[in-house]
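Top to bottom, those sequences are chains B and P. Residue numbering for the first sequence is 1 to 352, as defined by the working numbering. Residue numbering for the second sequence is 353 to 704, as defined by the working numbering. Here a beta-carbon is modelled for each residue, glycine too, at the ideal position from N, C-alpha and C. To start, the structure under review is shown below, and the notes come after it.
2 protein chains.
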Amino acid sequence: MLAQYCGPPMDIREIAKRAKVSTATVSRTINRVPSVNPQLARRVWSVVEELGYYPNTQARALVSGKSRIFGLIVSEITNPFFPEIVQVFENIAVQHGYEILLTSTVHDPKRMEISVRRMIERRVEGVAVMTFGMEELVLEDLKLRNVPLVFVDVGPSRAHVSNIRIDYLHGIRQAVQHLAALRHERIAFITGPLQLRSAATRQQCFLHCMEEIGLTVDPKLIVEGDHTMEGGMVAFSQLLKQPVMPTAVLCSNDMTAIGVMRRCHEEGILIPRDLSVVGFDDIRMAQFMLPPLTTIQMSQAELARLAFHALLSEVQNESAPNGAEYFLKTSLVLRESTGLAPSRKSRPEKSG
Amino acid sequence: MLAQYCGPPMDIREIAKRAKVSTATVSRTINRVPSVNPQLARRVWSVVEELGYYPNTQARALVSGKSRIFGLIVSEITNPFFPEIVQVFENIAVQHGYEILLTSTVHDPKRMEISVRRMIERRVEGVAVMTFGMEELVLEDLKLRNVPLVFVDVGPSRAHVSNIRIDYLHGIRQAVQHLAALRHERIAFITGPLQLRSAATRQQCFLHCMEEIGLTVDPKLIVEGDHTMEGGMVAFSQLLKQPVMPTAVLCSNDMTAIGVMRRCHEEGILIPRDLSVVGFDDIRMAQFMLPPLTTIQMSQAELARLAFHALLSEVQNESAPNGAEYFLKTSLVLRESTGLAPSRKSRPEKSG
DNA sequence: CAGGATTTCCTGGACGTCCGGGAAATCCTG
DNA sequence: CAGGATTTCCCGGACGTCCAGGAAATCCTG
Chain B
1 MLAQYCGPPM DIREIAKRAK VSTATVSRTI NRVPSVNPQL ARRVWSVVEE LGYYPNTQAR
61 ALVSGKSRIF GLIVSEITNP FFPEIVQVFE NIAVQHGYEI LLTSTVHDPK RMEISVRRMI
121 ERRVEGVAVM TFGMEELVLE DLKLRNVPLV FVDVGPSRAH VSNIRIDYLH GIRQAVQHLA
181 ALRHERIAFI TGPLQLRSAA TRQQCFLHCM EEIGLTVDPK LIVEGDHTME GGMVAFSQLL
241 KQPVMPTAVL CSNDMTAIGV MRRCHEEGIL IPRDLSVVGF DDIRMAQFML PPLTTIQMSQ
301 AELARLAFHA LLSEVQNESA PNGAEYFLKT SLVLRESTGL APSRKSRPEK SG
Chain P
353 MLAQYCGPPM DIREIAKRAK VSTATVSRTI NRVPSVNPQL ARRVWSVVEE LGYYPNTQAR
413 ALVSGKSRIF GLIVSEITNP FFPEIVQVFE NIAVQHGYEI LLTSTVHDPK RMEISVRRMI
473 ERRVEGVAVM TFGMEELVLE DLKLRNVPLV FVDVGPSRAH VSNIRIDYLH GIRQAVQHLA
533 ALRHERIAFI TGPLQLRSAA TRQQCFLHCM EEIGLTVDPK LIVEGDHTME GGMVAFSQLL
593 KQPVMPTAVL CSNDMTAIGV MRRCHEEGIL IPRDLSVVGF DDIRMAQFML PPLTTIQMSQ
653 AELARLAFHA LLSEVQNESA PNGAEYFLKT SLVLRESTGL APSRKSRPEK SG
């Protein structure tokens with residue numbers, strides 16, 4: 001039970017006084033150093049529980065030089081892609097006694113700069129940069145201080161800088177071949193913002209996979225989106241202006257695909273009867289769409305796990321001399337937004 | 353420009369030495385105390401910039417007794433309701449020089465307990481509890497320490513405990529009257545988990561508003577959901593078993609409504625032709641649905657703002673003696689998931 | 001130029017914790 | 001029971017910063 005004691009000096013000294021031992025003994029007790037007399041330890045513990053004493057992390061951090069905080073930089077928490085990353089990252093962090101300092105730069109360099117400053121001031125032990133290819137200059141500050149970093153896709157090979165390389169090709173190839181198997185030939189691609197390394201890579205993979213199976217890509221069927229739903233709608237509107245419609249659209253991410261679906265709904269285009277749609281990311285929302293979205297999965301949970309362990313092994317000095325590399329696969333998950341290509345003459349009816 | 357200097361002791365002492373002043377002067381300089389000679393100040397600043405020095409927050413916290421951290425407890429980050437709260441809360445916090453310690457108890461008391469412990473260890477200056485009516489026992493620990501708290505809906509009137517009271521009635525009344533105006537009479541309600549204070553209140557408001565305009569509520573049309581999409585699907589399946597279908601469904605939150613829409617899609621029930629659906633929360637996803645979901649808005653941004661400022665005025669000792677109260681309105685936003693009630697004769701057929 | 005009033009700076013301690021070195025207590029051995 | 005080897009504990013200092021109080025330098029006034 002917690003006592004009524006409320007006086008300010010609820011510190012290790014107070015505990016020591018009440019347990020009639022020195023502060024050092026209290027310290028060793030709560031840190032479970034074995035060389036402390038069990039009887040004393042019990043006395044200490046009982047006082048600790050009675051007073052509801054919790055050690056002061058900042059004091060600990062100060063003397064140990066370890067803040068036990070990791071920074072986590074994402075581009076936008078409200079982007080449905082990120083919450084699960086945050087969730088999983090936080091879970092694991094807590095399990096390992098770490099706290100996380102979360103920041104969402106809303107693609108704003110100034111916010112990025114501020115957040116880097118915050119992280120340095122709090123003396124984070126490492127930072128996971130989940131912005132997918134925005135190689136930010138401000139991060140130089142962190143590198144100079146030898147703060148371990150982990151990037152996705154883009155990141156220099158350097159000491160204390162790890163990288164998670166994503167195998168976009170695998171999932172995209174599956175998607176393209178899936179569409180091809182369904183007799184699709186005019187396959188459109190809506191890209192992300194091309195300054196994003198990951199978005200550029202996805203496009204290249206698409207082109208590569210099409211070529212691989214001998215399908216030609218009409219350049220007019222490649223349009224640029226911005227990874228938002230609105231961008232997806234706009235991009236798809238452009239596609240609608242084409243003399244010959246594509247029969248399938250592959251999107252650089254799920255939000256784009258959702259925009260496409262929305263636009264289709266407005267236009268009375270039925271998915272998958274008239275058009276097949278494939279997304280990328282497999283955000284949770286994808287399975288909630290009507291129809292549920294076929295998409296290429298890139299496990300957010302796994303990504304978070306990799307990022308955390310990359311940082312953890314850096315701080316535990318198990319680091320590779322020149323930055324470790326981790327790999328994450330992507331793969332197609334089939335749902336209901338893809339179907340047989342409509343024949344050019346007569347549109348086949350959806351069979352139940 | 354940052355120097356190549358990388359030695360560990362990058363502290364206030366190092367700056368003092370290089371600027372040939374005492375540490376106190378450096379401290380006062382970076383804290384912008386006016387009583388420092390401008391010439392010295394410039395010398396200090398130039399050294400600070402040159403070395404890229406950032407003061408150590410934990411040392412500051414230790415001596416000042418202020419961690420400049422607020423805790424933020426949400427039920428689930430992956431629940432689309434919360435990311436925007438987190439986003440806005442974080443924004444304002446940073447503007448005020450605060451950091452946030454985020455925790456999502458996944459409705460797990462043990463996780464809640466751990467997170468409270470983490471917060472106490474980091475000596476948070478206040479905690480916003482955004483779990484909507486889970487009055488948690490573990491929070492006693494925080495109250496005992498006089499840590500300012502802010503709750504939504506539920507929370508004792510006590511010193512250092514503020515409350516945000518949500519006016520559910522306003523929005524729900526608008527929704528009910530909107531449906532009534534569209535000739536709906538058999539209106540169903542899918543509740544949330546009833547141990548949640550906010551969910552129970554929403555249900556009561558619904559009943560009240562129906563009675564208010566002389567509509568009777570068939571008890572069979574009140575079914576319990578759990579605020580998830582799956583729960584919404586199950587609940588709606590129950591409604592489908594009724595001899596007479598409702599013509600409209602009001603849901604305790606948007607995810608539930610999305611579940612209903614999904615089930616309708618499977619059953620070939622067209623929204624809004626055969627059934628009108630209204631959600632609650634106005635999460636961003638609501639406008640992405642097909643058709644876009646009519647829902648009752650409870651501004652997440654405003655909620656976050658209120659919560660932050662409640663804590664801020666507590667730490668600034670502008671606190672009301674017995675806990676302040678804040679109020680947040682709700683109101684209907686019309687989209688496309690509601691329409692005229694279908695005539696009573698023709699029941700919607702399953703279209704295959 | 002003396003004397004006091006200000007301004008401006010520095011010294012020394014404190015915040016809460018942990019660590020190294022050494023002192024005291026305990027045990028074992030002969 | 002003496003002597004040494006362990007175990008178990010305490011004292012003093014340190015982490016990086018801020019603050020109180022006092023010393024030094026500067027200014028003003030008569």
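In the three-state DSSP reduction, N408(P) falls in the coil class, being neither helix nor strand. Cβ contact annotation for F189(B) (same chain, cutoff 6 Å, sequence separation greater than five): F206, I222 and L250, in chain order. Annotated as proximal: M581(P) and F288(B), with beta-carbon spacing under 8 Å. Scanning L239(B), R197(B), R183(B) and I15(B) for the CA closest to the CA of V260(B) turns up L239(B). For the pair M486(P) and E99(B), the Cα-to-Cα distance works out to about 24 Å. Taking a Cβ-Cβ cut-off of 8 Å, the neighbours of T78(B) in chain P comprise P435, E436, Q439 and R636, given in sequence order. Counting the other Cβ atoms within 10 Å of the Cβ of R122(B) gives 16 or more, which makes it buried. Under the three-state reduction of DSSP, V333(B) is assigned to strand. Listed by position along chain B, the residues whose Cβ is nearer than 8 Å to that of L454(P) are V86, E90, I100 and L102. It is roughly 6 Å from the alpha-carbon of A480(P) to the alpha-carbon of F503(P). Residue state for M650(P) is assigned as coil, using DSSP reduced to three classes. Beta-bridge analysis with DSSP links R158(B) to V161(B).
Rounded to whole angstroms, the gap between the alpha carbons of V446(P) and T105(B) is 12 Å. If the five residues before and after T682(P) are omitted, its C-beta is found closer than 7 Å to the C-beta atoms of I518, D519, Y520, H522, G523, I648, Q649 and M650, all from its own chain and listed in chain order. Around the beta carbon of R384(P), fewer than 16 other beta carbons lie within 10 angstroms, which makes this residue exposed. The Cβ-Cβ distance between A609(P) and V630(P) falls below 8 Å. By the neighbour-count criterion, in which 16 or more other beta carbons inside 10 Å mark a residue as buried, E618(P) falls on the exposed side. Counted as a single uninterrupted DSSP element, the alpha helix (DSSP H) harbouring S46(B) occupies residues P38 to L51.
Nearest CB-CB separation between P386(P) and chain B: not below the 8 Å threshold. For E99(B), the enclosing beta strand (DSSP E) stretches over residues E99 to S104.
Residue ranges of uninterrupted beta strand (DSSP E) with 3 or more members, entirely inside the segment 552–591 of chain P and ordered along the chain, are 574–576. Check the Cα spacing between M637(P) and each of V399(P), Q410(P), F434(P) and R365(P): the tightest is with F434(P). The C-beta distance from Q529(P) to Q58(B) rounds to 54 Å, too long to meet the 8 Å contact threshold. A check of alpha carbon separations from V154(B) across E113(B), L142(B), T131(B) and A181(B) identifies T131(B) as the nearest.
Shortest Cα-Cα distance from H107(B) to any of N253(B), I77(B) and E212(B) involves I77(B).
Rounded to whole angstroms, the gap between the alpha carbons of S550(P) and S427(P) is 13 Å.
Chain B has a Cβ within less than 8 Å of the Cβ of G404(P).
The segment 599–658 of chain P is shown to contain whole alpha helix (DSSP H) runs of 4 or more residues at 606–619, in chain order.
Along the segment 589–610 of chain P, the positions whose C-beta sits under 8 Å from a C-beta of chain B are I610, read in chain order. At least one beta carbon of chain B lies nearer than 8 Å to the beta carbon of R614(P). Taken through DSSP and simplified to helix, strand or coil, E325(B) comes out as strand. Within the same chain, V36, A41 and V44 come within 6 Å of T29(B) by CB-CB distance, once the 5 residues on both sides are set aside. Taking a contact as a CB-CB distance under 8 Å, the pair A511(P) and N674(P) counts as one, their CB atoms being some 6 Å apart.
The three-state secondary structure of I382(P), taken from DSSP, is helix. Interface criterion not met: the Cβ of R13(B) is under 8 Å from no Cβ in chain P.
Secondary structure note for A128(B): its beta strand (DSSP E) is the uninterrupted segment G126 to M130.
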